[in-house]
Each structure stands twice: as C-alpha cells, then as structure tokens.
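For reference, each letter of the sequence shown is one residue, going -9 to 530 in this note's numbering. Where is the CB? At the ideal position from N, CA and C, for every residue including glycine. Note that the structure is a prediction, hence the values are computed from the model and not measured.
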Amino acid sequence: MTTIGDRDFIQAPAELANQFADDAVLQAWLKGHVPAEVLREIQPGLEALGARAVGEMLDMAADAEAHPPVLVSYDAWGQRVDRIQVARGWKELHRVAAEEGIVATAYERRHGPWSRLHQFVRIYLYNPSSAICTCPMAMTDGAARVLELHADADLKQRWLPHLLSRDPQHFWTSGQWMTERSGGSDVSGTATVALLENGAYRLHGDKWFTSATTSELALTLARDEALDADGKLSMFGLELRDPQGRLNNIRVNRLKDKLGTRALPTAELTLTGTPAVRIGTPGHGVRNIATVLNITRAYNAVCAVSYMRRGLALAQDYAGKRQAFGKLLREQPLHMETLSDLHAEFTGALHLVLQLGVLLGRDETGAAGGDDRALLRLLTPVAKLFTAKQAIACVSEVLECFGGQGYMEDTGLPALLRDCQVLSIWEGTTNVLSLDVLRVIEKPEALEALAADMQRQLAVLQRPDLAVLRVSIQRALKEILAWPRSAAASGADALETGARRFAFSIARTYTAVLLATAAQNRQISSEVLQRWCRTPLCQL
Ligand code: MFK
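Structure below.
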C-alpha cells in the first residue's frame, strides 16, 4: 500500500486465513470439550475445509452470486419446460457439500454422540463461503432425520442413501415446502390437497415459497382427504422429476426476487397431481414436519454464528491494514473497543450453538437423558431466534468497520448483510419462535432441565474473580424461573407480550453460564465474559 496523499493510493483488501486454524475460540472450545482421540481424527479434515473455504469455494460463491438462477419457462419450440438454470458456481458448491459430507457426517455417526458436533463445525466452516448453499443442505438434513424416524423400510432404502451420499453424482437434496399464500408462520390455512387415486396420493395446490427448487426431493404438508371430510394435515414426500428428468406434474410459476440469498432458487409452484408418499402419523403433519424445523433451526443458528465469525475475521484483518488519522485502525482504542464487543458477542453465540450440537448429538445417538432432551427442545428455538438477531447486528457493524468500502457491492460485504437478514425470518420469525418457547415451557421439564444444567455449572465456578458474575447469573436464572407464573397471573396477554424478552433472557443467561465455565477453565479470557455480562442478562 502506498502512503496517504499519494495519487496512486490503493487500499489493501481484508484477507482470510485458514478458517479453522485461525479460529482461536473454536480451537479452545474443541480442546476443552471433545475427547482427544475424536479431535485427532476430525482435525485434519476440518483444517482442509478451512483452507477450501478461503480458496476455491470463494470463487464458486462469487460465480453463484454473479449469476442468479433463471427460470426458462418454454423451450425454443413453445414446449413448457419450467427449467431453473443455476450458476456453475452453485453446482460446484453442491459438489463440495457432498464431498465434505456436510449432511452425511451427522448420519455416519463415526464419532457417536460427537458426530453432530463435528458436522456443526463443518457447516460453520462451509456456510459463509457457500452463497448459502447451506439452505438445501439444511432441508436435506431435516428430510434425512424425518426418514430415519418416520419412514418405512422401502422409502428409507430408496431415498436415504441419496441424501447421505458423499458422491456428488449420487447425492440428492430435499426441499421443504410449508408456505402457502395463507401464511408461512401459520400453516393451518394450508390448502394443498392430497387425493387418493388408485391407492396412491397425488397433490394439488399452490406453494408460495419453495427454497432450493432444484432439489430432487421435497417434504410438504397437504390436507389428507383419506382421513376425513376436512382433510387434516399430513406430511408427504415427493420426487420432483420422473426418470426422464421431467417435472412430476409441477409448474414453476416464477422465481422470487429477494433482498438476499440471491444465488438460491426460490420459486412459486403449482402442484397439478404430483405423486407423493405419506410419511409419519396421518393427520399430524405439523408435528411430523417439526422434526425438519428443529434441524433447520439448528442450522440457522450455526450459520448465524458463521457469518459473525466471517465478518469479524475480515474486520480484524482490515484493522491491521487500514490507516486513518495517522494510525492503523487496530491502534485506535474506540475501534478496538467495538471489535472487542463484537468478539464477545460472537464468542457467546459460538458457545451456545456448539452446546446445541452436543445436545443434538446425544439425542440422536441415544446418549441423551430426559434432561438433555428437554434442554435441547428449549434451546433450539432460543438459539435460532437469538443468534439470527446477533448476526444481523454484528455484520451490520462489520460493514461500518470498513467505512464506505463496507457499503460497496464488489467487496462482498453487502451480500453478507443481506444473507444474514433472512436468518430471523425463515424457519420461524423471532416472534413465532418466542411463542414456540412458551409452547415448550408448558411442560415443566424444560425449565427444570435449564435450571439443573445451570446450577451444575454454577456449582463448579470457584474462581474468586468470577464470584460477582456468578451471583448475577444466579439472580437472572431466578427471575427467569419465576416469570411464567407471575406473567400468567398478571393478565391474559402478559405471557405472550413478554415471550420475546423471556426468550432473549434465557439466551443471554444460559450463554453467560457457558462462558463463565469457559473462563473458569481458561478457554476464554474473563474479559470476554465481563463484556458479555455488560448487557443485562435478564430483560424481563
Ligand atoms: C441456513 C439454514 C436454514 C436454511 C433453511 C431455510 C429454508 C427456508 C424454507 C422455509 O422457510 S420453510 C418454512 C418454515 N416455516 C416455519 O418455520 C413455520 C413457522 N411456524 C411455526 O413454527 C408455528 O409455530 C407452527 C407452524 C408449528 C404452528 O402450527 P400449529 O399447528 O398451530 O401448532 P400446534 O398446534 O401448536 O402444534 C402442532 C404439533 O406440533 C404439537 O404437537 P402435538 O400434536 O403432539 O400436540 C406441537 O407440540 C408440535 N410442534 C410444533 N412445533 C414444534 C413441535 N414439536 C417439536 N418441535 C417444534 N418446533
């Protein structure tokens, strides 16, 4: 870089190092939690993915962003074809996902309960360089879990090997079509019907948002007319194309024009007799498809943290290069104060999300106790809603760390912010998820499990310098536990109006205890914990 005042002044861009090797917070967490033999086995692959994420994947993502999907409705001869063309980069990112086992890692279960955690770290490294190709991977993972839990042997054999393949030629993805014109949050107005014809289901209706419409499979909801006159909602699985590659009675009406996630094809569809298979308990479609939602919500949280990390990595590197007022940004106390606050938010979010991965891994391998399962059900919506808002705020601040450059399209930074913005919308908005938290705590086990886990962690906090924070965390927990009863007593709407504050309080307080434990074990500095606790833990 030449000196300021020089007519040829050129700024040095921010650069990324290996995204695994360079991540001190992740490294410390893994060392502190994962058994040494597991870590030894997974580390080389993570390091390779950390390099890939800052190498060829960046080129693929740039190509995918530069060439958004295009819908070709008719061929040259007037034949309706409804072909969605995607960029070369997007296809290559699918290939990388298969090769890296972004979905498969969780189901091969090579490391027992740690397999899901291992996969979370892979998603975390893959996502910010993937032009959000993680979206189809999330839905594919949710579909795999649904099949594992609810499908019969034939269907499992037909579809699961594709969804879990590491061979890009064999690998399939799955969509998840829940949203109709009547609503994305409230699916009770679903109008698609499943009619039985010659003993097999066919679907008829419109789907208003279908993400990753180039997938081979989809799970969806429809009114099951086999059940009763009203047709309760059941869950169905379908293949989008026949063996010749023609759509199975599906019309693609148009592609969505979105604020972000521009490389991802999202379409409006009409199903005109699409063959489908019912999966799960008839008439309990919402409960069955919630299996997908809980997986995709966990992905959402991992992705949110991964964007925070990417933004911070860029801003930290830039602070060592950019000069203003005669000094590097990293020599400017206020700039560094801002970065330190962001780092504390990121560190908290990463601890929360990795804890979710531990719990999910235990649940899926039969290693979870009742408390683990209850805590997992509670923390899934909490982590999703909380980290989504954190990511938007953090990445917005990161753009500011670059000044005007952060607002320039060709730096790639605006795309980061646009892609973060969807995280608090899809897979359940902040308010819908806050209401889900109320649904969860209707059963006493959820808050009992939270309290038990926090008390266990608080009990081992011995360091005198953590004593004051220990008391604050304990006080916040007490308020959280008391709130549902006091809110319920103070009026019909009080629980609902307080639901968001309640969910945020759980997120900040539970994360505080995770950070306190990490500080006690010297995995993070106590300064990070102090910063985290500067924002009130309980906001009730
Ligand atoms: C980058 C990573 C992510 C990428 C993926 C992006 C893909 C984007 C595609 C989409 O955005 S797809 C659309 C996503 N849609 C949603 O997330 C829906 C948001 N709305 C809700 O979550 C509502 O709360 C809900 C639809 C569930 C409300 O429906 P109902 O029918 O009014 O719920 P109800 O009656 O309370 O619950 C029905 C059953 O489901 C109950 O069980 P029982 O039948 O045993 O009583 C509930 O306990 C159960 N249930 C609901 N949510 C659950 C759940 N069970 C487990 N986990 C949950 N989360």
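Tell me whether the beta-carbon of residue i lies closer than 8 Å to the beta-carbon of residue j.
i	j	result
glutamine 9	alanine 54	no
asparagine 290	alanine 202	no
glutamate 90	arginine 112	yes
tryptophan 522	glycine 338	yes
alanine 257	valine 242	yes
alanine 436	leucine 368	yes
alanine 121	glutamine 166	no
valine 388	leucine 318	no
valine 385	cysteine 410	yes
tyrosine 191	arginine 277	no
glutamate 37	alanine 11	yes
leucine 344	tryptophan 80	no
aspartate 362	leucine 349	yes
valine 184	leucine 193	According to the sequence as given, residue 184 is alanine; it is not valine. Yes; because the gap between Cβ atoms is below 8 Å, this pair is in contact.
leucine 153	alanine 134	yes
serine 414	alanine 489	no
Please indicate yes or no: does the CB of residue i lie closer than 7 Å to some heavy atom of ligand 1?
i	result
histidine 84	no
glutamate 417	yes
glutamine 166	yes
isoleucine 382	no
asparagine 290	yes
threonine 507	no
valine 422	yes
arginine 429	yes
valine 177	yes
glycine 273	no
aspartate 218	no
aspartate 131	no
leucine 245	no
If you draw a straight line from the alpha carbon of residue i to that of residue j, how long is it in whole angstroms?
i	j	result
valine 15	serine 224	43 Å
glycine 263	serine 164	19 Å
phenylalanine 492	arginine 85	41 Å
valine 177	lysine 222	12 Å
glycine 22	leucine 29	10 Å
glutamine 520	histidine 325	19 Å
alanine 502	leucine 530	16 Å
valine 531	arginine 352	Any property of residue 531 remains undetermined from this structure, which presents the chain solely from -9 to 530.
methionine 50	arginine 78	8 Å
proline 158	leucine 261	28 Å
proline 404	threonine 169	27 Å
aspartate 232	asparagine 238	6 Å
proline 25	glycine 189	51 Å
glutamine 513	histidine 341	11 Å
alanine 449	isoleucine 279	38 Å
methionine -9	proline 126	Because the pLDDT at methionine -9 is just 47, under 50, the model does not fix this residue reliably, and the point stays unresolved.
leucine 211	alanine 266	11 Å
serine 155	alanine 56	28 Å
glycine 102	threonine 95	11 Å
serine 480	proline 474	10 Å
glutamate 187	isoleucine 32	49 Å
tyrosine 309	arginine 300	The sequence given here has alanine at residue 309, not tyrosine. About 14 Å.
arginine 312	glutamate 390	13 Å
lysine 434	valine 427	Rather than lysine, the amino acid found at residue 434 in this sequence is proline. Answer to the nearest angstrom: the Cα atoms are 12 Å apart.
arginine 460	alanine 441	14 Å
If you reduce the DSSP assignment to three classes, tell me which class residue i lands in.
i	result
glutamate 5	coil
valine 44	coil
valine 60	strand
threonine -8	Residue placement at threonine -8 is poorly supported in this model, since its pLDDT is 47, which falls under 50; the coordinates are not used for a value here.
glutamine 313	strand
aspartate 65	coil
asparagine 117	helix
valine 267	strand
aspartate 12	coil
phenylalanine 226	strand
glutamine 464	helix
glutamine 234	coil
arginine 213	strand
I'd like to confirm something about residue i: is its beta-carbon nearer than 7 Å to some heavy atom of ligand 3, or not?
i	result
valine 242	Ligand 3 is not part of this structure, which contains only ligand 1.
Check: Taking three-plus beta-carbon pairs below 8 Å as touching, is the segment 277 to 296 in contact with the segment 415 to 428?
Finding: Note that the segment 277 to 296 touches the segment 415 to 428; at least 3 beta-carbon pairs, one per stretch, sit closer than 8 Å.
Margin query: Using a Cβ distance threshold of 8 Å, determine whether the segment 504 to 524 contacts the segment 474 to 494, with at least three qualifying pairs required.
Written below: The segment 504 to 524 vs the segment 474 to 494: no contact.
Checklist line | Three CB pairs or more closer than 8 Å across the segment 292 to 307 and the segment 137 to 157 | finding: No contact exists between the segment 292 to 307 and the segment 137 to 157.
Next item on the list: Report yes or no: do the segment 98 to 115 and the segment 347 to 361 share at least 3 C-beta pairs separated by less than 8 Å?
Entry: The count of Cβ pairs closer than 8 Å, one atom from the segment 98 to 115 and one from the segment 347 to 361, reaches three, so the stretches are in contact.
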